[in-house]
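Residue numbers (the numbering used here): 3 to 1072.
Heads up, the beta-carbon is just placed ideally off N, CA and C, and yes, glycines get one too.
For reference, the structure discussed in these notes is given below.
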């Protein structure tokens, strides 16, 4: 077929390769003295550009705005043109390019330098497109928009006054006739432009940016697609907004809000928002996997029962199992889920565990970690967490220092404090964390927005702490003191049955280091044995009998039937007499070991001595009365007279069982429940009784610490500690069962036991210091219990623990500075060192829907700069970006941006007017902002794209040698989207790469290379950082199948660009 040629562009302007409608009209339309534009649809940016690019002294400009051409619904067809245009433009906003000229455009409209009309409400709609100038006139299909003038294939006829005089005059006549149908709308358009963008004081522009980032009104666009009438608290909606911001920047988020804040419901709606956002971008199939403790499986299933992605909820206990009925489902989630949720994420610190190893196999684009427990900040745990969240999101300086450290064959546990702190700070970029104090401030500002499922207003209850005595007799105290003395003589032989080996590499540091390590292992075995004795006797005499002689004998002495599920199945005395009769074979130099671990006869003497000590302890224990136990029973009875529902926590199952037996014999009005986690039915019953709405009636729940995490028991108004938690974390988790945002109670009471001196847990502080030294130097896995290692005070009373828990809350307010990605932004208007007042924030909240974009202009101290806050939409979360003319100062890091703003803004900074000189700098800064796409891509995506570029270059070279033209052309199309040059992400081409395409390419390629990344993480993830650039050498050897690569990347190449909106801009003009 003969190839057709296009007609003359000067007579039939269209958009095609090397030609645009805009280039055909620019020389005569914009320069004419008389300009008349009739447009069926216009971009407001283009209208402002026309208004501000013409001279009021020498040019007369008239514009008639017609109707938006795409409305086909009945509702749209009857909507007045003014409302239709207003809604359409409000939805899209103005581009950042209009900042320098918006005031001039408004002034030109109000002073009638230009005239603008639109059809009256009852007239026919105007769909004509006519461009009339002094010498030429064009009529056709091109709207006054970027696509109409630059990209879409259009059909237009251009008539020249000199060449087509009659048609020229007739076109003008038609345009004038349509103009006469219109009514003036200058004031209407000026008001609309001011609503879309207004020059304001810098304080208001900054407040607008803070509100956009911290408050999630834009999220409503996503949630409305899924919520189906369900409501969220403002704190939950804002948490979703902040989580989406973090996810967009990093691909992972750690949500560490306070206990009882509604994280599960917030998480379920976050899943919906991610799904809706992804769907809006053209990705229609979604699978979400939620891995959580068994306690909260039902909660997650209930909260995700709504339209959206396919959601599968599985217990984290099943994840590490290699076989079983659910292993196939778990593998499918890890292989296919694009959204993965890990609840109670502090359970995944050990990268070598089967559970953590399995989780590394996930290919999710969005990883969400939930925890109310602050992350352990040990160096090794930080490395595991960073590799799970994504090492490519670290700051370059952190990566350089860490890689330099690890390159010297040093252990991760040998990091200096400064580098550990830098790692911890980098984790902040992943973290959303609000404390109870902050959440209470949310409620105080909008109390009517917080209702529980009962329909009542709610907030965190005020916790009233009370201490109760245990009434130990003098004889019981003497027995406890004797038991403590005997326990201190134990060697802990049951803890030394595995030979002591140099499994931490101590010998690398010399003989003395190895000697210290061996001494540490022997001392820890002894202390652990003594600790277990005193921990058991503190709970109950029967618990210690169980520890020494077994469950059946302990139940017999307590008058209880043995459990079907037997605890203490292998008691200490049984272990010593049956399993510890042979000395462990030495595995280190004999000079480093005590004689009872080198000489079998000495070992046998030590064994008989150990058995004798335990027998004496057992005999003393049987002499104890039950006064401590009876004091606890009496308190429960007394508290039940004041509280219809109360909870009692005790860590030992046998002690709980004893208390239930005693309470059941008293014929109380309250029904007594027992929940230890072993019996799912009883656990579910307690949750049904003590949760919301909760069953009616009077109830007492006796709970083990299996019920201290992940369950809601907020209909109880009283909590009794039957034992004293030695770890603040456990105390906080227990109290968190009733201290919840949706509590129906204004106050709640917590009772703490007051142990006498002889029954308190103690520890050897000098030894703990030694343990920490060894741990820091060698990274040895400690065998001591967490509460022994963690609690800082010897002989701590309940009063002191209550004070410490209160102090812990205060510390959390401080810690949020280092644990929350958004603290730097909040600190701009909260706390002592603020940059703007809370009153300005509140004022701007009231005008957020009235003024879409705020622009401030201030003097710059040195180089010109621009602070930009992109608005949140269904496509993108809000973003803060700093663009500077000074090299290396442009950034998207919130901490760096807020630091810069504090240095360059303040009470002494006055606002500037948009002068011609200021406008030139503003335009230059805007160009830099648009060109530097790397600022708008997450560090993770940049890393993936750079790996993609290296791989595509390598493949293109390979295919060139084999002359496979189809593949070469495809690689060329991909390379065209990845034009890195020495100056950065972009070369000097006029059209920057499509941000949507770049993100889609990164996400698609990330999933292709994920199996390789998983291999590296499993092998080296506990020893070093694993980054995408590390995969290139493997990719060269194990090339991706071309068909798979083509199918993954091809859809990304056709993505349509999305023009970002912005909420606020502040220009610093030098």
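Query: Distance between residue 549 and residue 617 (C-alpha atoms, nearest Å); Result: 12 angstroms
Query: Residue of 435, 188, 621 minimising C-alpha distance to residue 822; Result: 435
Query: Span of the alpha helix (DSSP H) around residue 555; Result: 553-560
Query: 6 angstroms CB neighbourhood of residue 634 in its chain, flanking five on each side removed; Result: 724
Query: Cβ pair residue 494, residue 546 closer than 8 angstroms; Result: no
Query: At least three beta-carbon pairs within less than 8 angstroms, the segment 7-16 to the segment 93-107; Result: no
Query: Inter-residue Cα distance where the pair is residue 584 and residue 590; Result: 18 angstroms
Query: Continuous alpha helix (DSSP H) assignments of at least 4 residues falling wholly in the segment 19-77; Result: 23-27, 46-55
Query: Given 8 angstroms, three or more beta-carbon pairs between the segment 685-697 and the segment 610-629; Result: no
Query: Residue 109 versus 916, 60, 959, 1029, residue with shortest Cα-Cα distance; Result: 916
Query: Backbone CA spacing between residue 92 and residue 333 [nearest angstrom]; Result: 46 angstroms
Query: Distance between beta carbons of residue 862 and residue 1072, contact taken as under 8 angstroms; Result: 4 angstroms
Query: Start-to-end residues for the beta strand (DSSP E) that takes in residue 470; Result: 464-471
Query: Beta-carbon proximity list for residue 1014, same chain, < 6 angstroms, skipping 5 on both sides; Result: 1033, 1036
Query: Range covered by the beta strand (DSSP E) that runs through residue 138; Result: 138-142
Query: Cβ-Cβ distance between residue 65 and residue 116 below 8 angstroms; Result: yes
Query: Whole runs of the alpha helix (DSSP H) within the segment 244-285, excluding any shorter than 4 residues; Result: 265-282
Query: Limits of the alpha helix (DSSP H) - the one that residue 898 falls within; Result: 896-906
Query: Nearest-angstrom Cα separation, counted from residue 487 out to residue 674; Result: 38 angstroms
Query: Residue burial classification, residue 527 (beta-carbon count within 10 angstroms, cutoff 16); Result: buried
Query: Segment limits, beta strand (DSSP E) that includes residue 368; Result: 368-372
Query: Burial state of residue 598 (16 or more Cβ within 10 Å); Result: buried
Query: Bounding residues of the alpha helix (DSSP H) (the contiguous stretch that carries residue 614); Result: 602-625
Query: DSSP bridge partner residues for residue 459 (one or two, in chain order); Result: 453
Query: Contact between the segment 963-974 and the segment 1003-1021 (3+ Cβ pairs under 8 angstroms); Result: no
Query: Residue from 944, 959, 1056 with nearest C-alpha to residue 1008; Result: 944
Query: Local conformation of residue 924 per DSSP, three classes; Result: helix
Query: Residues near residue 720 in its chain [Cβ-Cβ closer than 6 angstroms; skip 5 each side]; Result: 641, 645, 648, 751
Query: Backbone secondary structure at residue 520 - three-state DSSP; Result: helix
Query: Residue(s) in a DSSP beta bridge with residue 200; Result: 856
Query: Integer-rounded CB distance, given that residue 204 should sit under 8 angstroms from residue 860; Result: 5 angstroms
Query: DSSP three-state assignment for residue 792, whether helix, strand or coil; Result: The predicted position of residue 792 is uncertain, since its pLDDT is 45 and thus under 50; a value taken from the coordinates is nonetheless stated next. Correct three-state label for residue 792: helix.
Query: Separation of residue 899 from residue 342, as counted between CA atoms; Result: 31 angstroms
Query: Separation of residue 977 from residue 954, as counted between CA atoms; Result: 7 angstroms
Query: Backbone CA spacing between residue 631 and residue 679 [nearest angstrom]; Result: 22 angstroms
Query: Contact set for residue 926: own chain, Cβ-Cβ below 8 angstroms, skip 5 residues either direction; Result: 866, 887
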